[in-house]
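Following: one structure in structure tokens, then a few remarks.
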Ligand code: ADP
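In my numbering, the protein residues as written are 430 to 745.
Next up, the structure:
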């Protein structure tokens with residue numbers, strides 16, 4: 430059988446490891462696997478290459494995605510998707526594995542309606558996909574953020590500062606809550622866990638009066654203007670405060686062991702689903718077991734609030 434694989438939307442560490450597992454497992458079963466360049470753009474422009482065992486050697490540890498990724502707004506138009514489906518049909522590619530986030534899943538669901546047999550793998554650092562405990566790239570991004578918090582704490586403590594660290598995850602605060610707990614943050618602010626700014630500043634002032642030397646605030650993007658928040662804290666709490674926006678640093682780097690394992694398991698499982706004739710679904714990990722659910726149950730959904738929030742107040 431001929432199978433296509435693509436990465437789309439925001440890149441995430443471990444996408445290459447997932448492609449590698451798809452190619453190697455496909456090879457194991459005698460399938461031909463085609464790599465589609467730059468996400469849905471490669472489907473529409475017919476930009477695809479045959480991948481073999483050797484073409485993915487060295488990919489397990491490499492960050493980003495060697496197939497490339499783009500955002501293609503034209504894919505929302507039916508005519509564009511029909512062209513993509515025709516290109517696949519003309520090449521005899523029957524099944525397509527798409528690795529990406531919620532938008533990528535929406536594209537795959539729409540493509541499924543044109544007869545393409547699609548399977549989705551959750552590749553995004555944000556951990557914002559329903560139906561899976563973890564997404565490929567999340568664990569590595571948490572490590573990167575924790576490393577940044579540890580470094581910022583050293584300098585905050587030396588200068589008696591409040592450090593504000595803005596992280597990604599506007600649809601899901603898991604990056605902030607996981608990294609905040611690992612980094613010993615005093616405040617973790619996410620869409621699911623908002624704070625009253627005035628109360629927080631009063632608490633910080635109280636910390637100063639108690640003689641504490643620093644505090645760490647981890648906040649999800651798009652909640653505050655973090656530089657203005659730093660100015661307010663500096664003016665009102667007695668501490669000086671600085672904000673650091675981590676930005677795209679969070680997306681890069683070699684995947685950590687947990688992401689390499691998750692990506693390898695998910696890539697292998699996608700081929701097993703194809704072998705079993707199961708399509709129109711996305712793969713997840715639940716209680717450390719591989720699962721699949723129809724796209725329709727997953728797209729536009731939000732993950733339940735993490736149980737870790739109950740820790741935040743007690744251990745910070
Ligand atoms: P992510 O997959 O990381 O959530 P995006 O939201 O940017 O990233 O989506 C990736 C791509 O998926 C988009 O650029 C577009 O090509 C395609 N896509 C997103 N939403 C839809 C949709 N409703 N219908 C068809 N294609 C979509």
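Glycine is no exception: its CB is placed at the ideal position from the N, C-alpha and C atoms.
Here the structure is a predicted model, which is why all the values come from computation and not from measurement.
Linking residue 690 to residue 625 through their CA atoms gives a straight-line distance of about 39 Å.
Setting aside the 5 residues that flank it on each side, residue 670 is surrounded in the same chain by 590, 591, 593, 659, 662 and 663, each with a C-beta closer than 7 Å to its C-beta; the list follows chain order.
For residue 435, the pairing in a beta bridge is given by DSSP as 527. Classified as buried, residue 647 has 16 or more neighbouring CB atoms from the shown chains inside 10 Å of its CB. If you draw a straight line from the Cα of residue 510 to the Cα of residue 517, it comes to about 11 Å. With a cutoff of 7 Å, residue 677 does not count as near ligand 1, since its C-beta is closer than that to no heavy atom of the ligand. In the assembly as shown, residue 666 is a buried residue. Its beta-carbon has 16 or more other beta-carbons within 10 Å. Separation of residue 737 and residue 532 (C-alpha to C-alpha, rounded to the nearest whole angstrom) is 27 Å. Taking 8 Å as the cut-off, the Cβ atoms of residue 712 and residue 554 do not count as close. Remark: C-beta atoms of residue 610 and residue 679 do not approach each other more closely than 8 Å. At a cut-off of 7 Å, the beta-carbon of residue 533 counts as near ligand 1: some heavy atom of the ligand is closer than that.
With a cut-off of 8 Å on Cβ pairs, the segment 598-614 is not in contact with the segment 631-642, counting fewer than three such pairs. Straight-line spacing of the CA atoms in residue 430 and residue 544 works out to 16 Å. Here the alpha carbons of residue 595 and residue 505 stand approximately 31 Å from one another. In its chain, beyond the 5 residues on either side, 482 and 485 have a beta carbon closer than 7 Å to the beta carbon of residue 453.
In this chain, the alpha helix (DSSP H) harbouring residue 511 covers 507-520. Within 10 angstroms of the beta-carbon of residue 535 lie 16 or more other beta-carbons, which makes it buried.
Three or more beta-carbon pairs separated by less than 8 Å are not found between the segment 720-728 and the segment 461-479, which leaves the two stretches without contact. Straight across, the Cα-Cα distance linking residue 674 with residue 700 is about 39 Å. Within the segment 536-597, the runs of alpha helix (DSSP H) that reach at least 4 residues and sit entirely inside it are, in chain order, 567-588. In the DSSP assignment, residue 686 falls outside any beta strand (DSSP E) and within the unbroken alpha helix (DSSP H) covering 686-704.
In this structure, residue 684 places its C-beta atom within 8 Å of the C-beta atom of residue 492. Spanning the alpha carbons of residue 676 and residue 597 requires a straight line of approximately 7 Å. Under the DSSP assignment, residue 629 falls in the alpha helix (DSSP H) whose first and last residues are 626-639. Counting along the chain, residue 675 sits inside no alpha helix (DSSP H), nor does DSSP assign it H or E at all.
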